[in-house]
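>
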Amino acid sequence: MIYKFTNMVLSYKLQFILKNFFSSNNWSAYTIAGIAVLALTFLAIIILNFRAVKYKQKIIALEQKLLLSQMNPHFVFNSLTAIQSYIFRNDPYLAGKYLANFAKLVRLILENSRLEFITIAKEKETINHYLELQNLRFGKKFEYSISIDPDIDEEHHNIPPMLAQPFIENAIEHGIIHVSLNASIQVRFQLVGNSILLELEDNGIGIEKSAKFNQKKRDDHQSLATRITHERIKNLRKAYGKTIKMSIIDLSKKSEDNKGTLVSFLIPAIHN
14 MIYKFTNMVL SYKLQFILKN FFSSNNWSAY TIAGIAVLAL TFLAIIILNF RAVKYKQKII
74 ALEQKLLLSQ MNPHFVFNSL TAIQSYIFRN DPYLAGKYLA NFAKLVRLIL ENSRLEFITI
134 AKEKETINHY LELQNLRFGK KFEYSISIDP DIDEEHHNIP PMLAQPFIEN AIEHGIIHVS
194 LNASIQVRFQ LVGNSILLEL EDNGIGIEKS AKFNQKKRDD HQSLATRITH ERIKNLRKAY
254 GKTIKMSIID LSKKSEDNKG TLVSFLIPAI HN
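Here it is in structure tokens:
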């Protein structure tokens, strides 16, 4: 009898506790506690994802530096060979000028390769040194120009470094090298909406005719430049969610009056 009475008391006591537990005040407190736990869990997930993204960006940055380093050896070898030829020809002025420009360009490349984005002013300076060296190497065979849309802020609009360099090299090595007169390369930076349009145009013999002169050399070198650039663009999209569009057009296919190649990059405008 006492046992049943004790159970009855405990049952009523349990009901009282549960009733109080699920009362509005207690329910609000536990709701707040639950929300707090969920918030802390969500915050922990955000922190872990943030660290993962940063780690991924570091890997991509290292990949870009590796890709940039793959573009330079061919040009470095040719530059050193040209300096050597001026020394052998006993032309200290041109040898010294070439060496000074080469040193400036190497410094810029080393600086730029540590960065995912650089100012258009810095990219213009790098391209200018590169074209000047190539023109000196080929005996002033071609003219070149670099134009920047006045709506572009050179010091605050940023782009990935050295997108243009391998294609300028291709334009010289496989295009205008076969042009006897009035060879030219034009580099243009234009503001198109919220994007930067970077164009490289030459009046060389074009992609198809270039292949007839030296199929293996063109395929190996130009395909490498294109492959590396596509890889860089893909990595930039992974890291920053920004899509860069690239196109290569053989101008001789458009009409008989045109010749040469047009390479263009449409890059989302990035401000520093």
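So that you can map any letter, position 75 of the sequence shown is 88 in our numbering, and since no number is skipped, the others follow by simple counting.
Virtual Cβ for every residue (Gly too), placed ideally from N, Cα, C.
Note that this is a predicted model, so its numbers are computed, not measured.
1) What is the DSSP secondary structure of I30, counted as helix, strand or coil?
2) Beta-carbon within less than 6 Å of P174's beta-carbon, same chain only, minus the 5 sequence neighbours each way: which residues are those?
3) Is it the case that the Cβ atoms of F155 and A196 are separated by a distance below 7 Å?
4) With 16 other CB atoms within 10 Å as the buried threshold, where does F101 fall?
5) I'd like to check one pair, D215 with G254: are the Cβ atoms closer than 7 Å?
6) Between the C-alpha atoms of L118 and T54, what's the straight-line distance to the nearest angstrom?
7) If you measure between the beta carbons of G152 and G188, is that distance less than 7 Å?
8) Can you find a C-beta in chain D that's less than 7 Å from the C-beta of I131?
9) Quick one: what does DSSP say K272 is sitting in, helix, strand or coil?
10) Can you have a look at L123 and say buried or exposed, based on whether 16 or more other CB atoms are within 10 angstroms of its CB?
11) Have a look at R240, E136, H170 and G219 and flag the residue whose alpha-carbon is nearest the alpha-carbon of A282.
12) What's the gap between the Cα of A252 and the Cα of F202?
13) CA-CA distance, R231 and F88?
14) Please name the residue, chosen from K247, K137, K135 and H191, that lies closest to K222 on a Cα-to-Cα basis.
15) Quick check on the DSSP output: what are the complete alpha helix (DSSP H) runs of length 4 or more inside the region 126-213, in order along the chain?
16) Give me whichever residues DSSP pairs with L279 in a beta bridge.
17) Assign N285 to buried or exposed, taking buried as 16 or more other Cβ atoms, counted over all protein chains shown, within 10 Å of its Cβ.
18) Have a look at F180 and I58 and give me their C-alpha separation to the nearest angstrom.
19) Could you check how far apart the C-beta atoms of G219 and D162 are, in whole angstroms? I think they sit under 8 Å.
20) Can you give me the Cβ contacts of I246 inside the same chain, cut-off strictly under 7 Å, excluding the 5 residues immediately before and after it?
21) Let me confirm a value: Q147 is counted as buried when at least 16 other C-beta atoms fall within 10 Å, else exposed. Which label applies?
In brief:
1) If you number the sequence shown from 1, residue 30 lands on position 17. Note that I30 scores 49 on pLDDT, short of 50, meaning its location in the model is unreliable; the coordinates nonetheless yield the value given after this. In the structure shown, I30 falls within a helical segment according to DSSP collapsed to helix, strand and coil.
2) As a working mapping, residue 174 is identified with position 161 in the sequence shown. Within the same chain, P174 has close Cβ partners N125 and I131.
3) Within the sequence shown, residue 155 is the residue found at index 142, counting from 1. Within the sequence shown, residue 196 is the residue found at index 183, counting from 1. Against a cut-off of 7 Å, the Cβ pair of A196 and F155 comes out as a contact.
4) Counting from one through the sequence shown, the residue named residue 101 turns up at place 88. F101 comes out exposed.
5) Working through the sequence shown from its first residue, we reach residue 254 at position 241. Working through the sequence shown from its first residue, we reach residue 215 at position 202. Cβ distance not < 7 Å, so G254 and D215 don't count as in contact.
6) Residue 118 sits at position 105 when you count from the first residue of the sequence shown. Residue 54 sits at position 41 when you count from the first residue of the sequence shown. If you take the alpha carbons of L118 and T54, they lie about 50 Å apart.
7) Position 139 of the sequence shown, counted from the start, is the residue given in the question as residue 152. Position 175 of the sequence shown, counted from the start, is the residue given in the question as residue 188. Not closer than 7 Å, so no.
8) In the displayed structure, chain D is absent; only one protein chain is listed.
9) In the sequence shown, counting from the first residue as 1, residue 272 sits at position 259. In this structure, K272 counts as coil in the three-state DSSP scheme.
10) Indexing the sequence shown from 1 puts residue 123 at position 110. Classification for L123: exposed.
11) For this step, residue 282 is matched to residue 269 along the sequence shown. Checking every option, the nearest Cα to that of A282 belongs to H170.
12) Taking the sequence shown and counting its residues from 1, one reaches residue 252 at position 239. Taking the sequence shown and counting its residues from 1, one reaches residue 202 at position 189. Each residue's Cα considered, the two are about 24 Å apart.
13) On the sequence shown, position 218 is the one that residue 231 refers to. On the sequence shown, position 75 is the one that residue 88 refers to. Residue placement at R231 cannot be trusted, given a pLDDT of 48 that sits under 50; the coordinates are not used to answer.
14) Here residue 222 is taken as the residue at index 209 of the sequence shown, counted from 1. It is H191.
15) List check, alpha helix (DSSP H) in window: 133-150 and 178-183.
16) Looking up residue 279 in the sequence shown gives position 266. According to DSSP, L279 bridges with L210 and K258.
17) Reading the sequence shown from its first residue, position 272 is the one you call residue 285. Exposed: under 16 other Cβ atoms inside 10 Å.
18) Numbered from its first residue, the sequence shown carries residue 180 at position 167. Numbered from its first residue, the sequence shown carries residue 58 at position 45. Their Cα atoms are separated by approximately 43 Å.
19) The residue you call residue 219 lines up with position 206 of the sequence shown. The residue you call residue 162 lines up with position 149 of the sequence shown. Actually they are not in contact, since the Cβ atoms of G219 and D162 sit about 27 Å apart, beyond 8 Å.
20) Locating residue 246 in the sequence shown gives position 233, counting from the first residue. The answer, listed in chain order, is I257 and M259.
21) Working through the sequence shown from its first residue, we reach residue 147 at position 134. Buried, because 16 or more other Cβ atoms sit within 10 Å of the Cβ of Q147.
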